[in-house]
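Protein chains in written order, with the working numbering: chain A, 1 to 358; chain B, 1001 to 1358; chain C, 2001 to 2358; chain D, 3001 to 3358.
Number of protein chains: 4
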Amino acid sequence: MSGNSIGKRFVVTSFGESHGKCVGVVVDGCPSGLQLDENRVQRDLDRRRPRSGAISTPRKEEDKVEFLSGLMNGRTTGAPITMLMWNRDADSTSYDEFRSKPRPGHADYPALIRYEGNNDYRGGGRFSGRLTAAIVMAGVVAKVYLESKLVEVFAYTLEVGGIRAKLPEIDKIREIAAKNMMCTPDTEAAEEMIRAVTAAREEGDSVGGIVECQASGIPPGVGDPIFDSIDADLAKILFDIPAVKGVEFGSGFEAARLKGSENNDSFTVTEGRITTSTNNAGGVLGGLTYGMPIVVRVAFKPTPSISKKQLTVDLKKMETTELEIKGRHDACIVPRAVPVVEASTAIVLADHMLRLAL
Amino acid sequence: MSGNSIGKRFVVTSFGESHGKCVGVVVDGCPSGLQLDENRVQRDLDRRRPRSGAISTPRKEEDKVEFLSGLMNGRTTGAPITMLMWNRDADSTSYDEFRSKPRPGHADYPALIRYEGNNDYRGGGRFSGRLTAAIVMAGVVAKVYLESKLVEVFAYTLEVGGIRAKLPEIDKIREIAAKNMMCTPDTEAAEEMIRAVTAAREEGDSVGGIVECQASGIPPGVGDPIFDSIDADLAKILFDIPAVKGVEFGSGFEAARLKGSENNDSFTVTEGRITTSTNNAGGVLGGLTYGMPIVVRVAFKPTPSISKKQLTVDLKKMETTELEIKGRHDACIVPRAVPVVEASTAIVLADHMLRLAL
Amino acid sequence: MSGNSIGKRFVVTSFGESHGKCVGVVVDGCPSGLQLDENRVQRDLDRRRPRSGAISTPRKEEDKVEFLSGLMNGRTTGAPITMLMWNRDADSTSYDEFRSKPRPGHADYPALIRYEGNNDYRGGGRFSGRLTAAIVMAGVVAKVYLESKLVEVFAYTLEVGGIRAKLPEIDKIREIAAKNMMCTPDTEAAEEMIRAVTAAREEGDSVGGIVECQASGIPPGVGDPIFDSIDADLAKILFDIPAVKGVEFGSGFEAARLKGSENNDSFTVTEGRITTSTNNAGGVLGGLTYGMPIVVRVAFKPTPSISKKQLTVDLKKMETTELEIKGRHDACIVPRAVPVVEASTAIVLADHMLRLAL
Amino acid sequence: MSGNSIGKRFVVTSFGESHGKCVGVVVDGCPSGLQLDENRVQRDLDRRRPRSGAISTPRKEEDKVEFLSGLMNGRTTGAPITMLMWNRDADSTSYDEFRSKPRPGHADYPALIRYEGNNDYRGGGRFSGRLTAAIVMAGVVAKVYLESKLVEVFAYTLEVGGIRAKLPEIDKIREIAAKNMMCTPDTEAAEEMIRAVTAAREEGDSVGGIVECQASGIPPGVGDPIFDSIDADLAKILFDIPAVKGVEFGSGFEAARLKGSENNDSFTVTEGRITTSTNNAGGVLGGLTYGMPIVVRVAFKPTPSISKKQLTVDLKKMETTELEIKGRHDACIVPRAVPVVEASTAIVLADHMLRLAL
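In structure tokens form, the structure reads like this:
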């Protein structure tokens, strides 16, 4: 309880449940005077919506954002900005079973213990991926602020089901990734990924993947070491996204296998600005930005909801039992996670930039 | 500025500098009545000290902990616990150069910008690895509390310079890891690792590695989703350790390549308790513990201080220049990081257990 | 910006504006399993509504509470509880004038500076007394929790327009105060107060007063000295109520004129429990409760909205000008503030009791 | 536990005990580059020291401040600033008695309950007035920052033992108050106050009083409504000072007896700046500053340590008993509280100004 807010200066509070009335968010600390409207938020929310039947859940989610507070005449007022989307009637009956037969890979069991059986379990309640819509909404506010500071944040699918995209030049990444449903900047890889997802789906299985996010335009010196390092705060919000199991910056885990002379980025001068020749540090040194793009990768486990038979425990009888999850589910949530990673990154960057009043 | 505290209920505040008077820490929120003394803290501090000349810096650091507050008659009083170690005279002259010629891979450059040239740069100031001693001190307090709740936390070196340890049975890990200077639970790997470090050292280079940490005995339901998930808070504190570039739980980045049916951990009943047959989730589902051990891996980049010539920028002339870092430095800080990872993990677990008054 | 939340363990976030879509609140950290419904909240919201035309504004506010999240089957789930009341169409035209001619005693001028003219000024925006409805809603959640711990909080009007109520025995206070529109536990004083308010109203003027609040049943030892003392946190939330200019505990300002021997409360034993013979400390010693009722008094200034002519500055011309505030306004908001003081007190007590898991 | 820090941006953490090794403080969030040294802090610490034997405790406290971190070459570095004063050997024997016979008006009893008998009770431990030295130290850092922004904070004794000072012109207040041991800006009143204190002392009794604090030069718009209003945050820190029972701004409790037309401050133009003709609001409207001085009054109860016989409970026998407190104690702590009120006010103002990067 009471962990539903994040940020010190740009404070995001999540509320709502998967099958409750709504999913919403309060953003406190946004500067006044920024242009913002529902269309801007809707655009990102739409990126989070399920893909075509081929790879995704068929639940029809309209997900129309509505502002409840914090705007006047299309501008932020400096007051808390409340946004939500109303849930449509959802069928929660299948979830009754999971209260006594917790789904492997889901939070059903620990949530039951934690909330002593009182938690809203319908559709996964607070633990549903649907809750990431709140992060996306808040992320748009953060991005609007960051844009006013010439900071750009963008994410894309790097890997799905073991297929890794080849990255084009930085300028092409956004353009290409926007054109395929996998949100990946490699058209060929996109097709292979779709095949991998489809194959998993047909087996009643699922696949995971990796999202990469870049943030450019951040001035050097952003971050609050020791304990509010910029990478630490980014990692925290990214691990708050359901299904994330790993986060790395720059050369990441690979750095553990490099030598210092290979991994160090030499400083150099480019058009009168300090830059580095490589970016193995992923934009972060000592918890501070140094003017190069932040590059972070986020590993998503395969969706735990699979239709294949699995073993679990019948909590009433305290014995092992089989479980079959009915209905259709996302065989891969990675492309839908792209705007969530982007939003999460933007929220932390906005928080830290505002702390410095940059 | 003002990011030097962490925790909501067990609050750790770091102070001190590498070449200032001391390195210290205040721990606020420790329950009263726990047995604690300087010997207990010293034991862990000693684990953080430099290794023999073969792989480490020869600076003689005594690192004797002293308690300034919070104890009476060998027990915690419920008041803030302040601990520190006094710095001995250190030679800071070589650091003058780095103010105008920032070391690649270090925080020299962004710190200069952030603090407008006023930061204590001597010995790296607040950005020195020496500051991790404060975390180790606070971690002992956390571990004493956790032990009273039967929670055990232990870390070890998993990989150095590309050499990965084979893990023995869980019970042997501690025992074996305690016997070699690499702190790894694989005696043969330890020797190979030492060879790799020595080789790098002789080339004036350095190597990185991976530390793994396990925490067992944690009851199910610990963590505060959505934004204070237990994995999110662990990742945050771990990325606050200098040189960390990646964090993963359970199957981690590998999960991105598995299918749901492979990665899901089936629930089962063991001696009347709910457990899982595998632990790919690394002890965390939906941001909550579920009774299985937390397993986290932390990737350390190779020490950026190398004696090989490197390129950097002369900030006064704004032109590229060569830099040679004199003196001897750790060619691998991974084994010294083991107690730091352990302490960091313990701090977050203590914070979350205390939130629930478990 | 970003000061719209309060509490560490029971966290209340306010949103909405006087003439925006709604006034609402998110309560994060409420334990799961408590019985709660809209009727319970409505009861307290109704106590905050304007009194009959004699002393109050005629604006017809329905103020129906609606839950958006956090409940299932009439019980709290442990998730954030979101409540709001929708605003009805309000006429904001008269407020245009105050942007250039700030009302004396109101926040018009500093808010204009702070939000650079972007703040929602309609109906006073975030600075309207109407926002206290959010506190009342959150306070009901706090009171439901406190009742489960046998803690009772109740407030009443002590003084209005210089007329001070005589307090009956503690058991009668609630009963009598509930019977008159001044919410004061002295029927005669109530009539005098109404006369005073009516007289002020007829002159186009207003009066202030004092609300007293008592909280009983709190176990000894609640509070987090040094900086989260129970009285400090109560004072903080009480000063957040618009129009509050003073807060005192127990003998309060009078204590400054007493001798130590007069003001000290002797400890004594009553039915096997430690109590004190007097309660000059108002339930707080060293920032901790000691088992006696908390007694706090809150001074409200007279409503600044008066219809008498006043002087202010025309910000465009930067010259002094006359201002006449049209429409009818509360000539005394003290009785309406009673449930707000009660709610505020309950919020802090719930927060502190939950910190101790009592 | 864990309430020993205050502030969001300028964060003050208190540590130490009355008869432990030291009393200290960590200040996190101070901007880099400010001039600061031990003399500057010592000056204010000296103002907090006991007065001559006539009115105060004879304990010889040297109270020499020492910096442990955060400074280099006489300037702040942006790192946490740690300051402390070492305690000299103190005789704690008399405090053993209070563990079973709690002193009326002190925290002995609730602290015993709260910390289950483990709290450091020697000299009052964390509840001793001696701990206010930590606030004074932190306050100097705040004042140095505020001075760089042309904000001035000063406090003085307004009332002692029922004798109220007459205030001279604002410019004379500091000068006169500095010349008498009561720290009051009225020389005659000072003499009367000393007589009152001396008389109380001779009877083995004590007196209380009121400290007033003014802060000028603050720009309009400072404060974070709704819950971090500037007056709310000031009241919080002021109630954290031991013995404070009341806080009021501007006309304060008196406002409850005024009419709106009397209490409202008219805006006017003075030398091109917006000011108000009166300052009944005490510098705060709607939780925001508006450019006029903040005026706050703080009521201190009479020192609870008196040598007169008192009744208390023998906790072992659970029966009423007599208590005689041996040794000499302050018969009036009000003048010593003056720098504490000043420091507390400065800490909150620095925190809020820094939030706005003003």
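For every residue, glycine included, the Cβ atom is placed at its ideal position computed from N, Cα and C.
Residue i lies in the alpha helix (DSSP H); which residues open and close that run?
| i | result |
| --- | --- |
| isoleucine 2210 of chain C | Isoleucine 2210 of chain C -> not in any alpha helix (DSSP H); beta strand (DSSP E) instead, spanning 2209-2216. |
| valine 1341 of chain B | 1334-1355 |
| isoleucine 1081 of chain B | Run containing isoleucine 1081 of chain B: none in the alpha helix (DSSP H); it sits in the beta strand (DSSP E), 1081-1086. |
| valine 140 of chain A | 132-148 |
| arginine 2099 of chain C | 2095-2100 |
| valine 1197 of chain B | 1187-1202 |
Per DSSP, residue i is paired with what?
| i | result |
| --- | --- |
| tyrosine 1156 of chain B | B/Glu1212 |
| aspartate 2028 of chain C | C/Val2011 |
| arginine 3297 of chain D | D/Glu3212 and D/Glu3248 |
| glycine 3016 of chain D | D/Val3023 |
| methionine 2072 of chain C | C/Arg2075 |
| leucine 2323 of chain C | C/Gln2310 |
CB residue i to CB residue j, shorter than 7 angstroms?
| i | j | result |
| --- | --- | --- |
| valine 2023 of chain C | alanine 2134 of chain C | yes |
| glycine 2029 of chain C | serine 2 of chain A | yes |
| threonine 3157 of chain D | proline 3302 of chain D | no |
| isoleucine 1210 of chain B | glutamate 1159 of chain B | yes |
| alanine 2232 of chain C | valine 2247 of chain C | no |
| arginine 2257 of chain C | glycine 3162 of chain D | yes |
| alanine 2215 of chain C | leucine 2354 of chain C | no |
| leucine 2288 of chain C | arginine 3114 of chain D | yes |
| glutamate 342 of chain A | cysteine 183 of chain A | no |
| lysine 2245 of chain C | glycine 3221 of chain D | no |
| arginine 48 of chain A | proline 293 of chain A | no |
| alanine 1281 of chain B | glycine 1250 of chain B | yes |
Taking all protein chains shown into account, decide if residue i is buried (16 or more other Cβ within 10 angstroms of its Cβ) or exposed.
| i | result |
| --- | --- |
| glutamine 2035 of chain C | exposed |
| arginine 408 of chain A | A question about residue 408 of chain A goes unanswered here, because the residues of chain A that appear run from 1 up to 358. |
| alanine 1357 of chain B | exposed |
| methionine 2318 of chain C | exposed |
| serine 1305 of chain B | buried |
| glutamate 3062 of chain D | exposed |
| alanine 142 of chain A | buried |
| glutamate 1322 of chain B | exposed |
| asparagine 1264 of chain B | buried |
Taking the alpha-carbon positions, what's the residue i to residue j distance?
| i | j | result |
| --- | --- | --- |
| threonine 1077 of chain B | alanine 3111 of chain D | 11 angstroms |
| leucine 3146 of chain D | valine 3012 of chain D | 16 angstroms |
| aspartate 1120 of chain B | lysine 1101 of chain B | 16 angstroms |
| leucine 3150 of chain D | glycine 3016 of chain D | 33 angstroms |
| threonine 275 of chain A | glycine 1117 of chain B | 19 angstroms |
| isoleucine 2230 of chain C | aspartate 2037 of chain C | 29 angstroms |
| proline 3225 of chain D | serine 32 of chain A | 14 angstroms |
| alanine 3177 of chain D | threonine 3345 of chain D | 18 angstroms |
| arginine 362 of chain A | glutamate 188 of chain A | Outside the shown range of chain A (1 to 358) lies residue 362 of chain A, about which nothing can therefore be said. |
| threonine 198 of chain A | lysine 1259 of chain B | 12 angstroms |
| valine 3295 of chain D | glycine 3283 of chain D | 6 angstroms |
| isoleucine 2963 of chain D | aspartate 171 of chain A | Here chain D covers residues 3001 to 3358 and nothing more, so residue 2963 of chain D does not appear. |
Identify the continuous beta strand (DSSP E) that holds residue i and give its terminal residues.
| i | result |
| --- | --- |
| aspartate 314 of chain A | 310-314 |
| valine 65 of chain A | 65-69 |
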